[in-house]
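> Quick note: the sequence shown uses our numbering, first residue 19, plus one each step.
Virtual Cβ for every residue (Gly too), placed ideally from N, Cα, C.
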Amino acid sequence: MATVITPTKSVAVNPLKQSQPLGAALAFLGLKGTMPLFHGSQGCTAFAKVMLVRHFREAIPLSTTAMTETTTILGGEDNVQTALLTLLVKAKPEIIGLCTTGLTETRGDDMHGILKTIKQRYPELADLPIVFVSTPDFKGALQDGYAAAVQGIVQTIPEAGDLIEDQVTILPSSAFSPGDVEEIKEIVEAFGLKPIVVPDLSLSLDGHLNEGDYSATTTGGTSLEDLRRVGASAFTLALGESMRGAADILMQRFGTEYQVFPRVTGLSAVDELMVRLSLVSDRSVPEKYRRQRTQLQDAMLDTHFYFGRKRIAIALEPDLLYATSCFLQEMGAEIQAAVTTTKSPILQEVPTEFVKIGDLEDLEELAVGADLLITNSQGSRVSKKLGIPLYRRGLPIYDRLGNGHFSSVGYKGTTALLFNIGNILLEEEELKNKH
19 MATVITPTKS
29 VAVNPLKQSQ
39 PLGAALAFLG
49 LKGTMPLFHG
59 SQGCTAFAKV
69 MLVRHFREAI
79 PLSTTAMTET
89 TTILGGEDNV
99 QTALLTLLVK
109 AKPEIIGLCT
119 TGLTETRGDD
129 MHGILKTIKQ
139 RYPELADLPI
149 VFVSTPDFKG
159 ALQDGYAAAV
169 QGIVQTIPEA
179 GDLIEDQVTI
189 LPSSAFSPGD
199 VEEIKEIVEA
209 FGLKPIVVPD
219 LSLSLDGHLN
229 EGDYSATTTG
239 GTSLEDLRRV
249 GASAFTLALG
259 ESMRGAADIL
269 MQRFGTEYQV
279 FPRVTGLSAV
289 DELMVRLSLV
299 SDRSVPEKYR
309 RQRTQLQDAM
319 LDTHFYFGRK
329 RIAIALEPDL
339 LYATSCFLQE
349 MGAEIQAAVT
359 TTKSPILQEV
369 PTEFVKIGDL
379 EDLEELAVGA
389 DLLITNSQGS
399 RVSKKLGIPL
409 YRRGLPIYDR
419 LGNGHFSSVG
429 YKGTTALLFN
439 IGNILLEEEE
449 LKNKH
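1) According to DSSP, is M53 part of a helix, a strand, or is it coil?
2) Taking Cβ positions, are G89 and N97 nearer each other than 8 angstroms?
3) Does DSSP put A355 in a helix, a strand or coil?
4) May I have the straight-line CA-CA distance separating E352 from E371, to the nearest angstrom?
5) With a floor of 4 residues, list each alpha helix (DSSP H) that falls wholly inside the segment 101–172, ordered by position along the chain.
6) Apply the 10 Å Cβ neighbour rule to A144 and answer buried if 16 or more other Cβ atoms are within range, or exposed otherwise.
7) Helix, strand or coil, according to DSSP, for E229 in the structure here?
8) What three-state label does DSSP hand T24 in the structure shown?
9) When you compare each of A434, N228 and G412 to A77 by their alpha carbons, which one comes out closest?
10) Could you give the distance in angstroms between the alpha-carbon of L34 and the alpha-carbon of A356?
11) What do you get for A159, buried or exposed, if any count of 16 or more other CB atoms within 10 angstroms of its CB means buried?
12) If you measure between the beta carbons of A287 and V278, is that distance less than 8 angstroms?
13) From the DSSP output, read off the bridge partner residues of R329.
14) Rounding to the nearest angstrom, what Cα-Cα distance links K452 and A434 in this structure?
15) Tell me the DSSP secondary structure of I91 in three-state form.
16) With G350 and F325 assumed to form a contact (beta carbons below 8 angstroms), what rounded beta-carbon distance in angstroms separates them?
17) Assuming contact is defined by CB atoms lying nearer than 8 angstroms, are A20 and V368 in contact in what I supplied?
18) Which whole runs of the beta strand (DSSP E) in the segment 179–247 are 3 residues long or more, in chain order?
19) Kindly indicate which three-state DSSP category Q313 falls into: helix, strand or coil?
20) Give the range of the beta strand (DSSP E) segment to which Q277 is assigned.
21) Suppose you measure from the CA of K430 to the CA of Q310; what does that come to, to the nearest Å?
22) The alpha helix (DSSP H) that contains F74, what's its start and end?
23) Can you name, in chain order, every residue of its own chain whose Cβ lies under 7 angstroms from the Cβ of S426, other than the five neighbours on each side?
24) Give the secondary structure of I541 by DSSP, where H, G and I count as helix, E and B as strand, and everything else as coil.
25) For Y409, which beta-bridge partners are listed by DSSP?
26) Which same chain residues, not among the five before or five after I442, have their C-beta less than 7 angstroms away from its C-beta?
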C-alpha cells in the first residue's frame, strides 16, 4: 500500500494539474447538442478552450458569463441570465453545463438560487436541462471536475423507466480517450448488449468531419434521449475509481447495480471486464476477444525482456496513474516515482512506496536515474534536462498527433500500449549499446 504525500510548498513549479472547470467541460463535451458555460471571467474560459483545442485539434464549443471587476463585486446573477438567454437564442443547445470558476466560488454566488429565480422569470428556460456543477479552480484537479460533472448529469437528467434487460450504462472516467471509449463500446456490443455511455467522447471528439452547416454546440456524444433512458439500464459499468460516485447515484435513484473497474488496461483487468460482461449478457466471450487475448499474451512474451527491472517515473491524474503503474508493474518494471494532481482513494493501491501530490518539479527531483518518464507534453522539458526518454500520456498532449484516436484499453489497446512503450525502451537500449 502506497503512502500518499501531500504538498508542503506554497507554489507550483512547472504545474502538472489542470483545473476542475476544464475537467467538467471535457465531460460536457461528451453530450450531444451541449454548450459548456463557465461562470467566470473570459480568461478562464479562453485558457480551457486553448488547452482542449491544442490536445484534440478540434473545434471546442465553450462559453462564458464574462464576469468583470464590477460584476464580481455586485453579483453575477445578471451575467448568468444574459448568458443563458443568449445561448438559448443563438446556439440553441439541448443541454447547458454550467460550471463555476475560482472567481465566482470565492465570491460565493448562490447558484442554485440564481438558477431557480432565472427559470421562474423566463419560462422558455424551464424545459432546458441546465446541469450545474461546482468546480472551484483553487482545489482539486481535472479528474475531480470531470467526476463532479458526470455526477451532476446522472443526478439531473435520467428518468425512471421500465427495465431494459440488454441495456447497460458505461461511465468512463477522465482517463479514457475517445479511442478508449470506442473500444469499450465495441466490446460491450459484441456481447449483444446496448451501451449508453455517459459521457461519450467517441462521438464528439474522435476527429471526424461533420456534414451540414456549422453548429455552435457539440455535434456528437450521448443524446438527451439516451440520457433520459439511463434509469432503465440493467447494470452500470463504472470505469475508473472516480466514477464510483456517479454509479452510486444511479443505484440510489434507480436501484441499478454496478461494478467499479479501477482499470481496463492489462491482461487480468480486461479478463475481469470480460467475466462481468459474460455474466450480464449470459453469453460466452466472443472468439474475437479470445484471439486478442492470445495476441496480448504473445506481445507480453515478446516485450518482457525490455520492461524487466526498468525504473519508470510517472506523473498523471490518479485514475490514469493507477492504471498505467499497475500495467507496468505487471510487466516487471519498477515504479521509481509517482506524482499526481489530487487526492483519491485509488492512490493507496498504486504499486510503489509513495505517491506525491505535486508538480513536474517534484517529478524532476524524483526521476533522477529513471529509464523512462510518462506524463503529458509539459514533461518534455524535464525529459530533455534529465536525458530520459518520454512517453506522452494524459492531457494535454500538443506535440503529437492522433490523441483522440489512440486506445490503451481492452486486449487490443493494451497490446498497442505495450508495443509503444516497449519500442521506446528498446530504442534507448540500442543507443546505450552503441556507445
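On the basis of the coordinates in this document:
1) In the sequence shown, residue 53 corresponds to position 35, counting from 1. Strand, per DSSP.
2) Residue 89 sits at position 71 when you count from the first residue of the sequence shown. Residue 97 sits at position 79 when you count from the first residue of the sequence shown. With the sequence shown as reference, residue 89 is identified as Thr, and Gly is not the correct amino acid for it. Their beta carbons are under 8 angstroms apart, which means T89 touches N97 by this criterion.
3) Counted from its first residue, the sequence shown places residue 355 at position 337. If DSSP states are grouped into helix, strand and coil, A355 belongs with the strands.
4) Within the sequence shown, residue 352 is the residue found at index 334, counting from 1. Within the sequence shown, residue 371 is the residue found at index 353, counting from 1. Between the alpha carbons of E352 and E371 lies a gap of roughly 11 angstroms.
5) Taken in chain order, the complete alpha helix (DSSP H) segments of 4 or more residues contained in the segment 101–172 are 120–125 and 129–139.
6) Counting from 1 along the sequence shown, the entry for residue 144 is found at position 126. It is exposed - the Cβ of A144 has fewer than 16 other Cβ atoms within 10 Å.
7) Taking the first residue of the sequence shown as position 1, residue 229 is located at position 211. Residue state, collapsed to three classes: coil.
8) Translated into the one-based positions of the sequence shown, residue 24 becomes position 6. Three-state result, T24: coil.
9) Numbered from 1 along the sequence shown, position 59 holds the residue referred to as residue 77. Check the Cα spacing between A77 and each of A434, N228 and G412: the tightest is with N228.
10) The count along the sequence shown starts at 1 and reaches residue 34 at position 16. The count along the sequence shown starts at 1 and reaches residue 356 at position 338. When rounded, the distance between both Cα atoms is 12 angstroms.
11) The count along the sequence shown starts at 1 and reaches residue 159 at position 141. By the neighbour-count rule (16 or more Cβ atoms within 10 Å), A159 is buried.
12) Here residue 287 is taken as the residue at index 269 of the sequence shown, counted from 1. Here residue 278 is taken as the residue at index 260 of the sequence shown, counted from 1. Not in contact: A287 and V278 (Cβ atoms no closer than 8 angstroms).
13) Locating residue 329 in the sequence shown gives position 311, counting from the first residue. According to DSSP, which records beta bridges pairwise, R329 is partnered with E352.
14) If you number the sequence shown from 1, residue 452 lands on position 434. If you number the sequence shown from 1, residue 434 lands on position 416. Computed Cα separation, rounded: 27 angstroms.
15) In the sequence shown, counting from the first residue as 1, residue 91 sits at position 73. Here I91 sits in helix by DSSP.
16) On the sequence shown, residue 350 is found 332 positions in, with the first residue counted as 1. On the sequence shown, residue 325 is found 307 positions in, with the first residue counted as 1. Contact between G350 and F325 holds, since their C-beta atoms are separated by about 5 angstroms, short of 8 angstroms.
17) Locating residue 20 in the sequence shown gives position 2, where the first residue counts as 1. Locating residue 368 in the sequence shown gives position 350, where the first residue counts as 1. At a Cβ-Cβ threshold of 8 angstroms, A20 and V368 count as neighbours.
18) Within the segment 179–247, the complete beta strand (DSSP E) runs of at least 3 residues are 182–190 and 212–215.
19) Working through the sequence shown from its first residue, we reach residue 313 at position 295. Helix.
20) Locating residue 277 in the sequence shown gives position 259, where the first residue counts as 1. If you look at Q277, you'll find it in the beta strand (DSSP E) that goes Y276 to F279.
21) The residue given as residue 430 occupies position 412 in the sequence shown. The residue given as residue 310 occupies position 292 in the sequence shown. One Cα belongs to K430, the other to Q310, and the distance between them is close to 6 angstroms.
22) Here the question's residue 74 lines up with position 56 in the sequence shown. DSSP places F74 inside the alpha helix (DSSP H), whose first and last residues are Q60 to F74.
23) On the sequence shown, position 408 is the one that residue 426 refers to. Hits under 7 angstroms: D198, T283, T432, A434 and L435.
24) The chain is shown from 19 up to 453; residue 541 falls before or after that span and cannot be answered.
25) Here residue 409 corresponds to residue number 391 of the sequence shown, with the count starting at 1. Beta-bridge pairing links Y409 to I392.
26) By one-based count along the sequence shown, residue 442 stands at place 424. Correct list, in chain order: L390, P407 and Y409.
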